[in-house]
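Undergrad: Residue numbers (the working numbering): 160 to 349.
First, the structure itself, so that you have it in front of you.
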């Protein structure tokens, strides 16, 4: 008796699942077999992964079989391809960072002759954001002071990004300046 109920339940479950499936599709669609993402709010890094199929590349089937195996590659399906910003590093004359190594307090001076939005993150060696600052950069001579006194000795990074207010003439690209500056805290050295 138990076997009859078990088979009946399996048949009903299969019938419910198959009723939600469509046999034909006019537009290409993605069927991900695995994937996911990970983002730590305290970290600078975000990871995303996906395994799936969108476009038909190869078909494998016997001539007398109704079973067809397809092999494909996951591709982005977008009709709007935007221009990526051109990312360049801050040059040597664009900033000064001192003292380095430091007991705790240090400053970063910026001398870039361009207006825009400046975003500065102070991170530890693992990428955890300790401090975040965003402000309108007016075109020159901004001094940012940081204090590593409450943190342990080690290597820290100041990651600065300048998003310009205007695009570069000629090719209309946003030239984003971005660099990471290494700071060493050693309170016992001095």
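Glycine included, every Cβ here is placed at the ideal spot set by N, Cα and C.
To the nearest angstrom, how far is the alpha carbon of residue 298 from that of residue 345?
TA: Cα to Cα, residue 298 sits roughly 33 Å from residue 345.
Undergrad: Does DSSP put residue 255 in a helix, in a strand, or in coil?
TA: strand
Undergrad: I need the straight-line Cα distance from residue 252 to residue 272, nearest angstrom please.
TA: Straight-line spacing of the CA atoms in residue 252 and residue 272 works out to 11 Å.
Undergrad: Over the uninterrupted beta strand (DSSP E) stretch that includes residue 323, give me the two end residues.
TA: Note, residue 323: beta strand (DSSP E), 313-323.
Undergrad: Report the residue from 338, 328, 165, 329 whose alpha carbon sits nearest the alpha carbon of residue 320.
TA: 338
Undergrad: From residue 317 to residue 289, what does the alpha carbon distance come to, in whole angstroms?
TA: Computed Cα separation, rounded: 10 Å.
Undergrad: In three-state DSSP terms, what is residue 336?
TA: strand
Undergrad: Using the C-alpha atoms, what's the distance from residue 281 back to residue 324?
TA: 24 Å
Undergrad: Is it true that the CB of residue 249 sits closer than 8 Å to the CB of residue 341?
TA: In this structure, residue 341 keeps its C-beta atom at 8 Å or more from the C-beta atom of residue 249.
Undergrad: According to DSSP, is residue 347 helix, strand or coil?
TA: coil
Undergrad: Leaving out the 5 sequence neighbours to the left and right, which residues in its chain are closer than 8 Å to residue 312 when beta-carbon positions are compared?
TA: 344, 345, 346, 347
Undergrad: So, is residue 168 buried or exposed, given that buried needs 16 or more other C-beta atoms within 10 angstroms?
TA: With fewer than 16 other Cβ atoms within 10 Å, it is exposed.
Undergrad: Could you round the C-beta distance between residue 330 and residue 263 to whole angstroms and report it? I think they count as a contact, below 8 Å.
TA: Contact doesn't hold; Cβ gap of about 44 Å is too wide.
Undergrad: Is residue 272 helix, strand or coil when you go by DSSP?
TA: coil
Undergrad: According to DSSP, is residue 166 part of a helix, a strand, or is it coil?
TA: helix
Undergrad: In three-state terms, what does DSSP make of residue 111?
TA: Lying before the first or after the last residue shown, residue 111 is absent from the chain, which here runs from 160 to 349.
Undergrad: Compare the Cα-Cα distances from residue 309 to each of 292, 261, 269 and report the closest residue.
TA: That would be 261, whose Cα lies nearest to the Cα of residue 309.
Undergrad: Between the Cα of residue 301 and the Cα atoms of 170, 246, 176, 255, which residue gives the shortest distance?
TA: Considering only 170, 246, 176, 255, the residue with the shortest C-alpha distance to residue 301 is 255.
Undergrad: Since residue 327 sits in a beta bridge, which residues does DSSP pair it with?
TA: DSSP lists no partner for residue 327.
Undergrad: According to DSSP, is residue 173 helix, strand or coil?
TA: helix
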